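A.B. asks: Before anything else, here's the structure in question.
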Amino acid sequence: MDGTDANRRSCSKAETEPLQAVGPAGDNDSQGSPAGNDRVTLKKEIGLLSACAIIIGNIIGSGIFISPKGVLEHAGSVGLSLIVWVLGGGICALGSMCYAELGVTIPKSGGDYSYVTEIFGGLVGFLLLWSAVLIMYPTTLAVIALTFSNYVLQPAFQDCVPPYMATRLLSTICILFLTWVNCSSVRWATRIQDVFTVAKLLALGLIIVVGLVQICRGYGDNLVPSVAFEFLKEPSVGQVALAFLQASFAFSGWNFLNYVTEEVVEPRKNLPRAIYISIPLVTLVYTLTNIAYFSSMTPEELLASNAVAVTFGEKLLGMFSWVMPISVALSTFGGINGYLFTSSRLCFSGAREGHLPYLLAMIHLKNCTPIPALLLCCIATIFILCIGETHNLINYVSFINYLSYGVTIAALLYLRWKKPNIMRPIKVNLLIPISYMVFWAVLLGFSMYSEPVVCGLGMVIMLTGVPVYFLGVVWKNKPKWVYSTLERVTYVGQKLCYVVFPQDDPLELVPLAPSKASD
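Residue numbers (the working numbering): -19 to 499.
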């Protein structure tokens, strides 16, 4: 995964000059010559509104339309399931405040990976990167794309399951189209995210309004405390922990703005603002949505449904029940766009650190988009789609995802201990990360006790990155043919994608600087 120094040279933006690609010999010294004061850097086009849309759009995908069944099944009662949804949002709020501190202290794109690499070193960061690029994001994207295609095709196949090839083909077309959009323009991608985030909130708003009307008409018997806490089965601590894991799947994505920090306008100001606005809003919407579900559906009906929102629509919307499948399709389409946008930046950050081929750290000369990283995410997702069964990987993905949260918050505590005097524009109360870690450890412990095989395989997937790290990153004296091959691939990739290595923004990349108070 090493490359020549020539591969990492920054390039100036010369709109009128042809691209000077890094050749196989790595001797193209003209590439770094300036042409005016313009530089090729990631464009800062994500304002506060788009930042909120990225968080909300990534959280609200297919989860809120699917997870209520799993939460109720493990919680055992309507009342406890609502408590799980509220506390799940609270836990995400604690984690997001910690990520806000890390995001402004280490203002790099890449999220968890960048922070852990900066604090714990290359191996731990690489293991998070490895599991995310290999399994986590391609699988999540594939599942969301399949959910999208299933709901789009449902009206045409009302009495049966949509054909296997039809769902895969439509999912692939969706992935390819959104990859093209993200390659073409950051602005187009963020505008799609803005529009579809509004569409998601309107769809959930419809469910909430209809549910509240039902309650006002006296149909809220399931929400009366004496009925709400009637348990379908006796709950256990392990089952409640699994209920929280189901809810956490619906809340996943709350940390994704940290993956694109370098493209946020005034990140030290807008990143925490977006987090503080978005997480409480999503928690409120999720809780009210579940209340709306229970206003018209008994626990038994909800557990028997494979698509809660569709069942809800069929019961209450009558001839307008088609609105629900369309709403879910819009929600998942926006989710795919958000995942592509953020996961490609993770590949970009990993390549910039030397943990992935340097070609993935290059951006288009004019559009300033990470085209090679986007293409890698696209190809990996299509490959997962072609394998067949993707749902079997979801449990492994959820475990790895939750594990990465805990490692990142632990990195925050370690940084507080090792470097107490560095500049922190935001410094959360120490009880916040400690509370999160206690909850995380308890939940993870009970999850491993309840599902040892799933959690064990999740750890195995992550640890397969250890030999790859030592062979690809640590081992510097590789045979010459390895370097020659990497250089040729980089050369061809630059020519095909019209990309160059970007210059860092000196105003943003100044992490871990001592605070003035410590002078």
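All residues carry an ideal CB built from backbone N, CA and C; glycine is no exception. For clarity, every value in this text was computed on a predicted model and none was experimentally measured.
Should the region 116 to 125 be called in touch with the region 313 to 321, which here means at least 3 C-beta pairs below 8 Å?
C.D. replies: Yes, the region 116 to 125 touches the region 313 to 321.
A.B. asks: Any idea what DSSP makes of ILE40, helix, strand or coil?
C.D. replies: If DSSP states are grouped into helix, strand and coil, ILE40 belongs with coil.
A.B. asks: Give the single residue among THR152, ARG332, THR465 whose Cα lies nearest to the Cα of ILE362.
C.D. replies: Among THR152, ARG332, THR465, the Cα nearest to that of ILE362 is on THR152.
A.B. asks: Kindly indicate which residue of PRO252, TYR449, ASN162 has the alpha-carbon position closest to the one of LEU336.
C.D. replies: When each option's Cα is compared against that of LEU336, the closest is TYR449.
A.B. asks: Could you have a look at ILE343 and say whether DSSP puts it in helix, strand or coil?
C.D. replies: Correct three-state label for ILE343: strand.
A.B. asks: Within a Cβ cutoff of 8 Å, which residues of the same chain sit near TYR429, ignoring the five residues on either side of it in sequence?
C.D. replies: Once the five neighbours on either side are set aside, the close Cβ partners of TYR429 are GLY218.
A.B. asks: For VAL161, I'd like the list of residues in its chain whose CB is within less than 7 Å of its CB, leaving aside the five on either flank, ordered along the chain.
C.D. replies: Only TRP168, ALA169, ILE172 meet the Cβ criterion.
A.B. asks: Can you have a look at PRO459 and say buried or exposed, based on whether 16 or more other CB atoms are within 10 angstroms of its CB?
C.D. replies: Exposed, since its Cβ has fewer than 16 Cβ neighbours within 10 Å.
A.B. asks: Let me make sure I understand the geometry here. Which of LEU411, ILE380, LYS407, TYR199 has the alpha-carbon closest to that of VAL440?
C.D. replies: Looking at the Cα atoms, ILE380 is the closest of the given residues.
A.B. asks: Could you check if SER324 is buried or exposed, using at least 16 other CB atoms within 10 Å of its CB as the buried criterion?
C.D. replies: It counts as buried.
A.B. asks: Give a yes or no on whether the C-beta atoms belonging to ALA227 and SER47 are separated by under 9 Å.
C.D. replies: Yes.
A.B. asks: Nearest CA to the CA of THR322: which residue from SER311, ALA360, ASN238, PRO252?
C.D. replies: Considering only alpha carbons, the answer is ASN238.
A.B. asks: Under 8 Å, with one C-beta from each stretch per pair, do the region 381 to 393 and the region 90 to 107 reach the 3-pair mark?
C.D. replies: Contact holds: three or more Cβ-Cβ distances are below 8 Å.
A.B. asks: Grouping DSSP H, G and I as helix and E and B as strand, with all else coil, what is ILE359?
C.D. replies: Three-state DSSP puts ILE359 in a helix.
A.B. asks: Within the same chain, show all residues whose beta-carbon is closer than 8 Å to that of THR147, passing over the 5 residues directly before and after it, in chain order.
C.D. replies: Excluding residues within five positions, the ones whose Cβ falls inside 8 Å are LEU126, SER129, ASN130, LEU133.
A.B. asks: Would you check if there are 3 or more beta carbon pairs closer than 8 Å linking the region 198 to 212 to the region 402 to 409?
C.D. replies: Too few Cβ pairs lie closer than 8 Å, so no.
A.B. asks: How would you write the range of the alpha helix (DSSP H) that ASP174 sits in, first residue to last?
C.D. replies: Unbroken alpha helix (DSSP H) run through ASP174: 166 to 196.
A.B. asks: Please report the straight-line C-alpha distance between THR444 and TYR376, rounded to a whole angstrom.
C.D. replies: Cα to Cα, the separation comes out at about 14 Å.
A.B. asks: Less than 8 Å between the CB atoms is what I'm expecting for ILE359 and VAL479, so what's the real figure, rounded?
C.D. replies: Not really, about 16 Å apart at Cβ, beyond 8 Å.
A.B. asks: Should VAL422 be labelled buried (16 or more other beta-carbon atoms within 10 Å of its own) or exposed?
C.D. replies: So VAL422 ends up on the exposed side.
A.B. asks: Do the region 79 to 88 and the region 232 to 252 touch if we need at least three Cβ pairs shorter than 8 Å?
C.D. replies: As far as the Cβ criterion goes, the region 79 to 88 touches the region 232 to 252, which means the pair count is three or higher.
A.B. asks: Which value, in whole angstroms, describes the spacing of the CA atoms of ALA223 and TRP65?
C.D. replies: So the two alpha carbons sit approximately 9 Å from each other.
A.B. asks: List the endpoints of the continuous alpha helix (DSSP H) containing THR312.
C.D. replies: 303 to 332 is the span of the alpha helix (DSSP H), which, as asked, contains THR312.
A.B. asks: State the start and end residues of the unbroken alpha helix (DSSP H) segment that holds GLU431.
C.D. replies: Per DSSP, GLU431 belongs to no alpha helix (DSSP H) and is neither H nor E.
A.B. asks: Mind checking which residues open and close the alpha helix (DSSP H) that includes ILE71?
C.D. replies: Note, ILE71: alpha helix (DSSP H), 58 to 85.
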